[in-house]
Amino acid sequence: MTPKWVVVTGAASGIGEGVARALAQSGFGVVLVDFDRDGLHRVGADIPESVTLACDLTDPDSHARLRDAARSVDAAWGLVNCAGVSQVKHFLLTTDAEWTRILRVNLEGTVRATSAVAEVLADNGGGAIVNVSSISGVVPAALQAPYAASKAGVIGFTTGLAFDLGPLNVTVNAVSPGIVRTPMWDAILDKESAESGVPADDIFAAHVRPIPTGQPQTSEDIAAVCAFLLGPGARSISGETIKVTGGMTTVDFDFHAGAGSTRVGV
Numbered sequence: 004m005t006p007k008w009v010v011v012t013g014a015a016s017g018i019g020e021g022v023a024r025a026l027a028q029s030g031f032g033v034v035l036v037d038f039d040r041d042g043l044h045r046v047g048a049d050i051p052e053s054v055t056l057a058c059d060l061t062d063p064d065s066h067a068r069l070r071d072a073a074r075s076v077d078a079a080w081g082l083v084n085c086a087g088v089s090q091v092k093h094f095l096l097t098t099d100a101e102w103t104r105i106l107r108v109n110l111e112g113t114v115r116a117t118s119a120v121a122e123v124l125a126d127n128g129g130g131a132i133v134n135v136s137s138i139s140g141v142v143p144a145a146l147q148a149p150y151a152a153s154k155a156g157v158i159g160f161t162t163g164l165a166f167d168l169g170p171l172n173v174t175v176n177a178v179s180p181g182i183v184r185t186p187m188w189d190a191i192l193d194k195e196s197a198e199s200g201v202p203a204d205d206i207f208a209a210h211v212r213p214i215p216t217g218q219p220q221t222s223e224d225i226a227a228v229c230a231f232l233l234g235p236g237a238r239s240i241s242g243e244t245i246k247v248t249g250g251m252t253t254v255d256f257d258f259h260a261g262a263g264s265t266r267v268g269v
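So the number in my numbering is just where the residue sits in the sequence shown, counting from 1, plus 3.
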């Protein structure tokens with residue numbers, strides 16, 4: 004039986020890697036997309052039904068390359084946009100170049116990948132798109148104005164796109180993870196640890212402690228929700244944002260509970 008194929012951006016590490024591996028285990032073929040060639044080859048080596056595409060989604064030429072990659076596989080069905088970058092820095096110290104980089108990767112890259120793959124899904128008779136946003140796109144944290152703006156933009160884009168693609172039998176939803184210890188998080192923890200002298204693991208535990216469930220989220224948690232939204236049980240779900248946070252938004256969550264005064268999303 005020919006598997007359905009899903010394009011996953013940001014697939015070389017972090018949540019994107021976790022999503023790609025989980026989808027493969029669920030029987031999907033996966034088109035792995037990232038600018039990190041070594042990471043792509045590492046992940047692709049473990050997934051027999053996979054195709055790798057090394058490209059920078061901020062490059063306009065990536066649109067045609069991504070569209071062609073989606074067309075090259077049988078039964079392209081979905082897209083999961085995971086590619087993203089972050090930065091923890093005061094707004095008044097943030098340069099135009101830093102703002103532009105975050106918005107281009109997180110928002111423009113999502114739009115470009117979606118434009119390329121949605122065309123293929125529509126030609127194939129339908130499918131599903133999942134955009135990975137962040138809890139920061141729902142409840143922004145200090146020192147993350149560009150990141151929060153970009154992830155809120157992803158949520159707005161998701162809602163609007165659901166109107167446009169619904170008649171083409173394509174659902175569009177967003178997933179907003181809470182605290183997932185990815186390489187992005189580790190970079191921030193290392194910085195906080197160097198500044199405070201507190202071990203990175205202790206800082207992370209302090210960030211996690213206020214979560215109602217008492218535990219951080221994992222890439223597997225996010226992947227499970229993405230897999231559901233790509234499946235037949237979610238065909239009537241579109242234009243929604245699913246928060247996978249352990250209950251962070253149900254209480255007066257202290258985003259600055261860690262040893263430092265910063266927090267990074269996914």
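Glycine is no exception: its CB is placed at the ideal position from the N, C-alpha and C atoms.
Measuring C-alpha to C-alpha distances from Thr5 to each of Cys85, Ser53, Ile191 identifies Ser53 as the nearest. Taking the Cα positions, Ala226 is about 32 Å away from Ala197.
For Val83, the closest alpha carbon among the candidates Arg107, Arg184, Gly21, Lys246 is that of Gly21.
Taking 7 Å as the cut-off, the Cβ atoms of Gln220 and Pro180 count as close. Spatial neighbours of Val183 in its own chain (CB-CB distance under 7 Å, excluding positions within 5 residues in sequence) are listed in chain order as Ile18, Pro219, Gln220, Thr221, Ser222, Ile225, Val269. When rounded, the separation of the alpha-carbon atoms in Ile132 and Thr253 is 26 Å.
Within the stretch 103-146, the runs of beta strand (DSSP E) that reach at least 3 residues and sit entirely inside it are, in chain order, 130-135.
Nearest to Glu195 by C-alpha distance, out of Ala237, Ser137, Val91, Phe31, is Val91.
Boundaries of the beta strand (DSSP E) around Thr55: 53-57.
For Gln90, DSSP records no beta bridge to any residue. Taking 8 Å as the upper bound for CB-CB distance, Leu43 and Ala14 are in contact here, some 7 Å apart. Taking C-beta atoms as the reference points, Ala230 and Ser29 count as a pair closer than 7 Å. Only buried fits Thr161, as 16 or more other CB atoms lie within 10 angstroms of its CB. Going by DSSP, Pro149 is part of no beta strand (DSSP E) but of the alpha helix (DSSP H) stretching over 148-168.
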